[in-house]
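The structure appears below as structure tokens.
Below you can see the structure in the form of structure tokens.
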């Protein structure tokens with residue numbers, strides 16, 4: 001049976017179910033316990049699991065990330081909530097230099113099964129220091145996995161997979177999606193990390209996206225449908241490992257590819273996709289691969305500049321028409 005629940009509830013269910021299943025799993029972070037989570041993702045978890053398994057931390061990302069990494073290396077399975085990934089740069093030393101490398105440096109003797117999670121990217125007028133999208137940063141690091149879901153169903157299935165995974169997983173959410181509702185089954189299910197999902201079938205052009213930019217991709221596909229253009233929409237769900245094969249199979253059918261993402265353009269997820277698809281699928285392309293990204297600049301506070309800097313449906317439709325060689 002499926003019921004409709006919010007994105008935050010899907011995450012909470014995933015964490016709670018895994019904590020009931022495995023007493024090695026615990027949650028720690030700023031305001032996760034007494035305050036029920038800054039975004040109410042962990043609401044009620046302190047009451048059920050107690051202060052030893054739902055732990056409030058000081059405002060010290062490097063410190064509590066280090067505690068969690070040490071716990072993971074000693075047999076526990078921590079979930080670390082960052083109030084935002086923008087603040088998690090303070091913990092990058094633990095993520096990059098310890099969590100991602102210890103399995104290799106110890107010759108396979110010491111793993112680090114840990115989930116780092118929290119909201120990522122822009123969320124309206126929050127200013128430049130609270131508005132960076134980090135998928136491509138962490139996807140650049142061998143030894144970790146990067147997950148970036150777009151809806152409650154995927155969020156729950158992928159979170160359960162992430163908690164059970166033996167590698168460190170960076171789990172990218174979005175402040176503006178926590179209230180989004182979607183159908184989630186009552187029975188248990190797990191979604192394999194590293195598998196993209198075709199959210200809409202189409203025949204004329206492939207649009208690839210992930211996280212909240214999937215709303216733009218699907219919105220553009222709906223607008224294009226009105227003009228007789230059939231867009232296939234692929235949700236990456238996982239950034240590392242990257243399921244470029246699913247994209248390639250779609251491009252074999254549509255012969256055109258547009259990528260929509262919130263990253264800055266340089267060294268982005270779309271850069272990697274464009275390289276892979278032109279290398280493996282050059283003969284299937286009837287037009288250059290195109291992309292729409294965030295502006296190559298810090299995201300300013302002013303509402304008109306936020307609108308100008310981020311991908312939207314209108315610009316995505318225009319770009320698709322260009323690769324379709326339609327009249328503008």
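Residue numbers (UniProt numbering): 1 to 328. Virtual Cβ for every residue (Gly too), placed ideally from N, Cα, C.
Helix, strand or coil for residue 165 per DSSP? Numbered from 1 along the chain shown, position 165 holds the residue referred to as residue 165. Three-state result, residue 165: coil.
C-beta atoms of residue 111 and residue 301 nearer than 8 Å: Here residue 111 is taken as the residue at index 111 of the chain shown, counted from 1. Here residue 301 is taken as the residue at index 301 of the chain shown, counted from 1. No, they are not a contact pair.
Using only alpha-carbon positions, find the residue among 326, 202, 243 and 45 that is nearest to residue 276. Position 276 of the chain shown, counted from the first residue, corresponds to residue 276. Ranking 326, 202, 243 and 45 by Cα distance to residue 276 puts 243 first.
How far does the beta strand (DSSP E) with residue 238 in it reach, from first residue to last? Position 238 of the chain shown, counted from the start, is the residue given in the question as residue 238. Start and end: 238–240.
Look up residue 197 in the DSSP assignment and say whether it is helix, strand or coil. Reading the chain shown from its first residue, position 197 is the one you call residue 197. Note: residue 197 maps to strand in three-state DSSP.
Should the stretch 240–256 be called in touch with the stretch 153–165, which here means at least 3 C-beta pairs below 8 Å? no
Please classify residue 211 as buried or exposed, where buried requires at least 16 neighbouring CB atoms within 10 angstroms. Along the chain shown, one-based indexing puts residue 211 at 211. Flag for residue 211 reads buried.
Less than 8 Å between the beta carbons of residue 231 and residue 200, yes or no? Residue numbering aside, residue 231 sits at position 231 when the chain shown is read from its first letter. Residue numbering aside, residue 200 sits at position 200 when the chain shown is read from its first letter. Their beta carbons are under 8 Å apart, which means residue 231 touches residue 200 by this criterion.
Which residues mark the beginning and the end of the beta strand (DSSP E) in which residue 183 is found? Here the question's residue 183 lines up with position 183 in the chain shown. Element bounds for residue 183: 181–185.
Does the stretch 132–142 come close enough to the stretch 262–279 that 3 or more CB-CB pairs lie under 8 Å? yes
Could you check if residue 171 is buried or exposed, using at least 16 other CB atoms within 10 Å of its CB as the buried criterion? As a position in the chain shown, residue 171 is number 171, starting the count at 1. Its Cβ being crowded by 16 or more others within 10 Å, residue 171 is buried.
Give every residue of the same chain whose Cβ lies closer than 7 Å to the Cβ of residue 255, excluding the five residues on either side of it in the sequence, and list them in chain order. Numbered from 1 along the chain shown, position 255 holds the residue referred to as residue 255. 284, 285 and 286.
The alpha helix (DSSP H) that contains residue 305, what's its start and end? Here residue 305 corresponds to residue number 305 of the chain shown, with the count starting at 1. Where residue 305 is concerned, the enclosing alpha helix (DSSP H) stretches over 303–309.
Go ahead and pull the three-state DSSP assignment for residue 257. Counted from its first residue, the chain shown places residue 257 at position 257. Three-state DSSP puts residue 257 in a strand.
Once the 5 residues before and after residue 241 are set aside, which same chain residues still bring their CB inside 8 Å of it? The residue given as residue 241 occupies position 241 in the chain shown. Correct list, in chain order: 145, 193 and 194.
Cβ neighbours of residue 317 in the same chain (closer than 7 Å, five flanking residues each side left out): The sequence position of residue 317 within the chain shown is 317, counting from 1. Correct list, in chain order: 220, 223 and 224.
Candidates 326, 290, 61 and 291: which alpha carbon is nearest residue 229's? As a position in the chain shown, residue 229 is number 229, starting the count at 1. Of the candidates 326, 290, 61 and 291, the one whose C-alpha sits nearest the C-alpha of residue 229 is 326.
If we call anything under 8 Å between Cβ atoms a contact, is residue 320 one with residue 258? What you label residue 320 is simply residue 320 of the chain shown in a count that begins at 1. What you label residue 258 is simply residue 258 of the chain shown in a count that begins at 1. Result yes, Cβ atoms of residue 320 and residue 258 sit closer than 8 Å.
Identified DSSP bridge partners for residue 32: Residue 32 sits at position 32 when you count from the first residue of the chain shown. DSSP output for residue 32 lists no bridge partner at all.
Could you check whether the stretch 63–70 touches the stretch 6–20, counting it as contact only if at least three pairs of C-beta atoms, one from each stretch, sit closer than 8 Å? no
For the beta strand (DSSP E) containing residue 209, name the first residue and the last one. As a working mapping, residue 209 is identified with position 209 in the chain shown. Run containing residue 209: 205–209, per the beta strand (DSSP E) assignment.
Mapping DSSP to helix, strand and coil, what is residue 41? Along the chain shown, one-based indexing puts residue 41 at 41. Coil.
Between the CA atoms of residue 2 and residue 180 - distance to the nearest angstrom: As a first step, residue 180 must be located in the chain shown, where it is residue number 180. As a first step, residue 2 must be located in the chain shown, where it is residue number 2. Answer to the nearest angstrom: the Cα atoms are 16 Å apart.
Alpha helix (DSSP H) containing residue 220: first to last residue? By 1-based counting over the chain shown, the position of residue 220 is 220. Looking at the DSSP string, the run of the alpha helix (DSSP H) that includes residue 220 is 213–226.
Check residue 327 in the structure and name its three-state DSSP category. For this step, residue 327 is matched to residue 327 along the chain shown. If DSSP states are grouped into helix, strand and coil, residue 327 belongs with coil.
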